[in-house]
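Numbering (the working numbering), first residue to last: 16 to 146.
The beta-carbon is built from N, C-alpha and C at its ideal position, and this holds for glycine as well.
Quick caveat: nothing in here was measured; it's all calculated off a predicted structure.
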């Protein structure tokens, strides 16, 4: 397990509230070093797709915001194709030499399943809620 600061959990929890929708989070620690940014992006898309499958029953895409000053290159969103509606958002952080990916998405009755599937896929995941 990567020894990361509890500060990431506190910051993630702070971003979950308050808002128009009830958000939850998943902090995914990886063993991907900083020179494997392509693999990290592929993992972001893979996990974003996994989250989207449990949240919405329509096609989604990843918006990286490279053409919009509202987003840094390490902030990405999963949006619906039909209406550009929010599905998930993530930040990609470099922590102690490896990537940590922090996802935010709307809470639903599939939250535990999402966390379990990320864990079963072999990733070190920490769930974050406002509780």
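### Query
Contact between the segment 31–41 and the segment 49–57: three or more CB pairs below 8 Å?
no
query = At which residues does the alpha helix (DSSP H) containing residue 40 begin and terminate?
reply = Taking the first residue of the chain shown as 1, we reach residue 40 at position 25. Careful: residue 40 lies outside any alpha helix (DSSP H), inside the beta strand (DSSP E) at 38–48.
Tell me, which residues are paired with residue 104 by DSSP? The residue given as residue 104 occupies position 89 in the chain shown. Looking at the DSSP assignment, residue 104 forms a beta bridge with 92, 119.
Can you name, in chain order, every residue of its own chain whose Cβ lies under 6 Å from the Cβ of residue 18, other than the five neighbours on each side?
Position 3 of the chain shown holds residue 18. Note on residue 18: pLDDT 42, under 50, position unreliable in the model; no value is reported.
Tell me, which residues are paired with residue 78 by DSSP? Along the chain shown, one-based indexing puts residue 78 at 63. Beta-bridge pairing links residue 78 to 92.
(Q) Rounded to whole angstroms, what is the Cα-Cα separation between residue 28 and residue 118? (A) On the chain shown, residue 28 is found 13 positions in, with the first residue counted as 1. On the chain shown, residue 118 is found 103 positions in, with the first residue counted as 1. Their backbone Cα atoms lie some 11 Å apart in a straight line.
Which class does residue 142 belong to by DSSP, given the choice of helix, strand or coil? Here residue 142 refers to the residue found at position 127 when the chain shown is read from its first residue. Here residue 142 sits in strand by DSSP.
Express the C-alpha separation of residue 132 and residue 138 in angstroms, rounding to a whole number.
Your numbering for residue 138 matches position 123 in the chain shown. Your numbering for residue 132 matches position 117 in the chain shown. Answer to the nearest angstrom: the Cα atoms are 9 Å apart.
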